[in-house]
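Chains as they are written, first to last, in the working numbering: chain B, 1 to 158; chain P, 1001 to 1158.
Beta carbons: idealized from backbone N, C-alpha and C, even for Gly.
Computed from a predicted structure; not experimentally measured.
Number of protein chains: 2
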Amino acid sequence: MTSMTIGDAAKASGVPAKMIRYYESIGLIPKAVRNDSGYRYYAITDVHTLRFIRRGRDLGFSIDAIMRLLALWRDHHRASADVKRIALDHAAALRSKIADLEAMLGPIEYLADHCQGDHRSDCPIMDDLADHVARSEHEARETRPRHTKTTQRRGVST
Amino acid sequence: MTSMTIGDAAKASGVPAKMIRYYESIGLIPKAVRNDSGYRYYAITDVHTLRFIRRGRDLGFSIDAIMRLLALWRDHHRASADVKRIALDHAAALRSKIADLEAMLGPIEYLADHCQGDHRSDCPIMDDLADHVARSEHEARETRPRHTKTTQRRGVST
DNA sequence: GCTTGACCTTCCTATTGTAGGAACCTGTAA
DNA sequence: TTACAGGTTCCTACAATAGGAAGGTCAAGC
């Protein structure tokens, strides 16, 4: 009753069998008990761990963070401050990632809003990409010429 | 004057030399002209292309999307509608990704807010992860037993 | 008992884009 | 001529997941 195959553990935990094997291989979970022919067998407590991992992954925690959270989970003498730090670090990373994506989204939405989107070739989106191309010429000129290795040489026609 | 090494093209475009080689290897940019000893040489127009790519990457476009944008850039008979579609698809993907991250951030911030973060072990964050563990037991029971391969067998003590 | 089909095993590959390093060759300034 | 910066290719890693191939096993039904 308390032992099941990897497939059943997968169903019970929501973690694909493939991932369970992977988590074992990287040491996130201990090596499973095997029967004589090599099949892994899992107890309910193993499924609990997998569920914990799944929830952590759903919240976007890295495998590494989950490894630390699991250790704290098992440690009855843990300080909640340690758990909180992991969570706050992750929250900061999430906020940073969101900010990055929004910094991309802003210009794109603005440009797309101003694009006719018709049969003509005129397009502020292209203009933006090309603007940056044009800007590069200035920057290229401002690059200190050091020793201008820009002469034509054998095989290169320029 | 119009020809430079990969390092100079990297400086002028903001695309690392390593990435320039990579972009060439996957066909994003054409194969560079080489001198007799195999050195790649780049013209200003190549740097323009690299700048275009860099801007596209900064806006979060995938390499594949940039490949299509480059083709449209070169096509003077392009329809701005095609450019716009690529941009709008990307905007949708960005918004979706932002929503995913916010769906993670919400619970984490809430839980962290309610965590004392002191020396005691009590922690709503852990409780959340464990809640989902508890929930798994119900779901496990609801899994149709089909042919309950949960009996003890050779080598498995349960 | 035997067949069958679902399920298990390991191992390899791909994804996405970037980066590091090793081993070796080349260009150029001094 | 000699350094040394900078070029070349090739291999590896990242992070987490997923697909497939080749082959062995379990359990049910006959």
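Between B/V33 and B/Y23, is the Cβ-Cβ spacing less than 9 Å?
In the first sequence, the residue the question calls residue 33 of chain B occupies position 33. In the first sequence, the residue the question calls residue 23 of chain B occupies position 23. Cβ distance not < 9 Å, so B/V33 and B/Y23 don't count as in contact.
What is the DSSP secondary structure of B/V15, reduced to helix, strand or coil?
Position 15 of the first sequence, counted from the start, is the residue given in the question as residue 15 of chain B. Coil, per DSSP.
What does a CB cutoff of less than 6 Å around B/R51 pick up in its chain, not counting 5 residues either side in sequence?
Start at 1 with the first residue of the first sequence, and residue 51 of chain B comes out as number 51. Cβ neighbours of B/R51 beyond the five flanking positions: S13.
Taking the beta strand (DSSP E) that B/S3 belongs to, which residues open and close that run?
Here the question's residue 3 of chain B lines up with position 3 in the first sequence. Membership of B/S3 in the beta strand (DSSP E) is indicated by the continuous run 3 to 5.
Exposed or buried, what is B/G117 when buried is set at 16 or more other beta-carbons lying within 10 Å of its beta-carbon?
Within the first sequence, residue 117 of chain B is the residue found at index 117, counting from 1. When all chains shown are included, B/G117 counts as buried.
Assess contact between the region 69 to 83 of chain B and the region 1066 to 1078 of chain P, defined as three or more Cβ pairs (one per stretch) separated by less than 8 Å. Is contact present?
no
Give the single residue among B/A81, B/D58, B/T5 whose Cα lies nearest to the Cα of B/I195.
Given a span of 1 to 158 for chain B in the structure shown, any question on residue 195 of chain B remains unanswerable.
According to DSSP, simplified to helix, strand and coil, what is B/A79?
Residue numbering aside, residue 79 of chain B sits at position 79 when the first sequence is read from its first letter. Three-state DSSP puts B/A79 in coil, outside helix and strand.
If we define contact as Cβ-Cβ less than 9 Å, is P/L1028 a contact residue for chain B?
Within the second sequence, numbered from 1, the residue matching residue 1028 of chain P stands at position 28. Cβ-Cβ to chain B under 9 Å: no for P/L1028.
Within the same chain, show all residues whose beta-carbon is closer than 7 Å to that of P/I1086, passing over the 5 residues directly before and after it, in chain order.
For the purposes of this step, residue 1086 of chain P is taken as residue 86 along the second sequence, with counting starting at 1. So the qualifying residues of the chain are A1065, R1068, L1069.
Could you round the C-beta distance between B/M104 and P/L1094 to whole angstroms and report it? I think they count as a contact, below 8 Å.
Mapped onto the first sequence, residue 104 of chain B falls at position 104. Mapped onto the second sequence, residue 1094 of chain P falls at position 94. Yes, B/M104 and P/L1094 are in contact; Cβ-Cβ is about 6 Å, under 8 Å.
To the nearest angstrom, report how far apart B/D82 and P/L1059 are at their CA atoms.
Indexing the first sequence from 1 puts residue 82 of chain B at position 82. Indexing the second sequence from 1 puts residue 1059 of chain P at position 59. Straight-line Cα distance between these residues: approximately 36 Å.
Verify whether the separation of the beta carbon atoms of B/P107 and B/D128 is less than 9 Å.
Translated into positions along the first sequence, residue 107 of chain B becomes position 107. Translated into positions along the first sequence, residue 128 of chain B becomes position 128. Yes; because the gap between Cβ atoms is below 9 Å, this pair is in contact.
Measure the Cβ-Cβ separation of P/S1003 and P/Y1041 and say whether it is below 9 Å.
Stepping through the second sequence from its first residue, residue 1003 of chain P is reached at position 3. Stepping through the second sequence from its first residue, residue 1041 of chain P is reached at position 41. Yes.
Note down the Cα distance separating B/D131 from B/R120, rounded to an integer number of angstroms.
Position 131 of the first sequence holds residue 131 of chain B. Position 120 of the first sequence holds residue 120 of chain B. For B/D131 and B/R120, the distance between alpha carbons rounds to 19 Å.
Roughly how many whole angstroms lie between the Cα atoms of B/I98 and P/C1115?
The residue labelled residue 98 of chain B in the question sits at position 98 within the first sequence. The residue labelled residue 1115 of chain P in the question sits at position 115 within the second sequence. Going by the C-alpha atoms only, they are around 24 Å apart.
Enumerate in chain order the residues of its own chain whose CB-to-CB distance from P/I1125 is below 6 Å, with the five nearest sequence positions on each side excluded.
Mapped onto the second sequence, residue 1125 of chain P falls at position 125. Same-chain partners within the cutoff: L1111, C1115.
When the cut-off is 9 Å and only beta carbons count, does P/M1126 lie next to chain B?
Here residue 1126 of chain P refers to the residue found at position 126 of the second sequence. Cβ-Cβ to chain B under 9 Å: yes for P/M1126.
Does the beta carbon of P/E1024 sit closer than 9 Å to a beta carbon anywhere in chain B?
Position 24 of the second sequence, counting from 1, holds the residue named residue 1024 of chain P. With 9 Å as the cut-off, P/E1024 does not count as an interface residue toward chain B.
What residues of chain P sit near B/P16, judged by a beta carbon separation below 7 Å?
Taking the first residue of the first sequence as position 1, residue 16 of chain B is located at position 16. What B/P16 touches in chain P: nothing, since even the nearest Cβ is about 15 Å away.
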